[in-house]
């Protein structure tokens, strides 16, 4: 993604969040609750998207490095595999943290009331 388009997307999200503040300030009732839930859905997507993408990229790099190491030194395959699986578990834990944040925003949002 180009820098200009990333900047415009971030600016649009910023304007969306800032534009929501006056709506939340009034005696909203249902409209304020719907706005909070909508912004929570956007926040959940922003939480899980980079977490999943980063975990996928990290796992790909880890597996590539382990395969290269096993190709260069086949006697170390057992140790490399064990170390790789420990690293993959740690990387996957980071993606699970993003999922937990997204689920909290969607289902246990303290602002939604």
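Residue numbers (mature numbering (1 follows the signal peptide of the UniProt record, and there is no 0)): -25 to -1, 1 to 88.
Even glycine gets a Cβ: it sits at the ideal position worked out from N, Cα and C.
None of these values were measured; they are calculated from a predicted model.
Residue i, enclosing alpha helix (DSSP H) - first and last residue
i          : result
residue 64 : 52 to 82
From the options, residue whose alpha carbon lies closest to that of residue i
i           : options          : result
residue 79  : 19, 9, -21       : 19
residue 64  : -17, -14, 34, 85 : 34
residue 40  : 29, 56, 50       : 56
residue 59  : 42, 46, 77, 28   : 42
residue 91  : 16, -10, -9      : In the structure as shown, the chain begins at -25 and stops at 88. Residue 91 is therefore absent and cannot be evaluated.
residue -13 : 38, 68, 44, 13   : 13
residue 37  : 66, 54, 81, -17  : 66
residue 85  : 29, -19, 49, 11  : 11
Does the count of Cβ pairs from the segment 70 to 78 and the segment 21 to 32 closer than 8 Å reach three?
Taking a cut-off of 8 Å for Cβ pairs, the segment 70 to 78 and the segment 21 to 32 touch, as three or more such pairs fall below it.
Which complete alpha helix (DSSP H) runs does the segment 5 to 49 hold, if anything under 4 residues is left out?
Segments of the alpha helix (DSSP H) lying fully in the segment 5 to 49: 5 to 47.
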